[in-house]
Structures are given as C-alpha cells and as structure tokens.
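No gaps in the numbering here: position 84 of the sequence shown is 234 in my numbering, and each next residue is one more.
Cβ coordinates follow ideal geometry from the N, Cα and C atoms, glycine included.
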Amino acid sequence: MIVASRYAKSLLDLAVEKSQLEAVYTDILLVKSICDHSHDFINFLNSPIIKVDKKVSTLKAIFDGKVNSITSGFLTIVANKRRESVIPQMAVSFIEQYKTNKHILTAVITSARGLDSTTKQQALALVKSQLNGEIELVEKIDANVIGGFILKIGDKQLDKSVARQLSNLKKQLTTN
C-alpha cells in the first residue's frame, strides 16, 4: 500500500534525523506485534463508528510510556489524519525500510522438522560467506518439504528439498 509506505518512510526519515532510529524500530516491532496478535485492535483501527478523538486517546493510553515520544506523536498524527487503518501496513513497511537502510538481508530457510542449532549456525555461516551485509535467518517448518531444505533470500531460491527431487524425478519418468 502506497500510503503506508509513505508514512513509514516519513517516520524512518524523522527517526534518522532525531538519531532515534533504533528506539523507533523497537517501538514499531511492538506495534506490529500488537497488530499481529490482537484482532480487536485491528477492528478498533478500522472501525468507522469510533470517533477520531477516541481513537487518539486510546492509542495514547496503549502506547504512551511504552514507546518513544517520536513514535507516540507519529501514531497520533496518523490517527488525526484519519489514516489509523494503515498502521499495521505502515509497521510492516517501516520494518522493511529499516532493514534496507541497515543493509540487513532476510534469509528464510524452510525444512520439514526444523533445524537444530548447529545446522542453523552452519546455514547462517554459509549465507554470510556468500553475501555482504548482515543476515537475519528466519526458520519455517513445512511438512510438505519432506526432507532437505528450501533457502530463500530476496527473489532467489535454492530448493534442496526431497519434495522437489521427487517432483523432478516424476517429470523425468513421465517424459521418457
């Protein structure tokens, strides 16, 4: 969503200007967590029945004292502009822009059962050796992989799963 991206960019620029980027990033992680785990909060933000002043006072009650004054003030401005419904998307966009700003790449590794800590560290070391910058490793579990792993970094994917190998074998057998 373009509006959410623009608000996130404005918040990022303000945080950088005020030398509060890390604090605001931590605050936005909290906002995103609340949005992800509270359906009632999302309904509250999207409700056309609740007046703006009530939304502003509720946002202040929830976040004041828990977040940086920049974040709190920004959420107030967003609500006063009647854009509170974009707060969840804005949080996601801010996190993406923060990672871009800090040159943090996200590597997603998917396996059937999960990785033990040794394997996870080896995968992280392998990815770091191939790429410049900081790497954030996100682990996902998907039983459909059957075995092996799928490593995705940005738009690149390395699929070493048993499911892919079986699919390739099936294609070979049906074409021959």
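Test item: CB-CB of residue i and residue j under 8 Å
i    : j    : result
E289 : K270 : yes
T208 : D177 : no
A241 : V181 : yes
I296 : G264 : no
L255 : L276 : no
K159 : Q247 : yes
E284 : K321 : no
Distance between residue j and residue i (C-alpha atoms, nearest Å)
i    : j    : result
Q272 : S279 : 11 Å
G304 : L162 : 22 Å
I259 : I192 : 30 Å
F194 : K204 : 10 Å
F244 : S183 : 13 Å
N196 : C185 : 12 Å
S261 : L171 : 34 Å
F224 : G298 : 45 Å
K310 : L179 : 32 Å
A293 : S267 : 19 Å
N318 : L274 : 27 Å
N230 : T250 : 29 Å
L323 : A313 : 15 Å
Cβ distance (whole Å) where residue i is taken to contact residue j below 8 Å
i    : j    : result
M151 : V236 : 6 Å
V206 : R232 : Not confirmed; about 11 Å, so no contact.
L308 : L316 : The Cβ separation is near 17 Å, so there is no contact.
K210 : T226 : 7 Å
Residues that DSSP places opposite residue i in a beta bridge
i    : result
I116 : As shown, the chain starts at 151 and ends at 326. That puts residue 116 outside it, with no answer to give.
E289 : I259
**Study point:** Length-filtered (4 minimum) alpha helix (DSSP H) runs lying within the region 207-240
**Key:** 219-230, all fully within the region 207-240.
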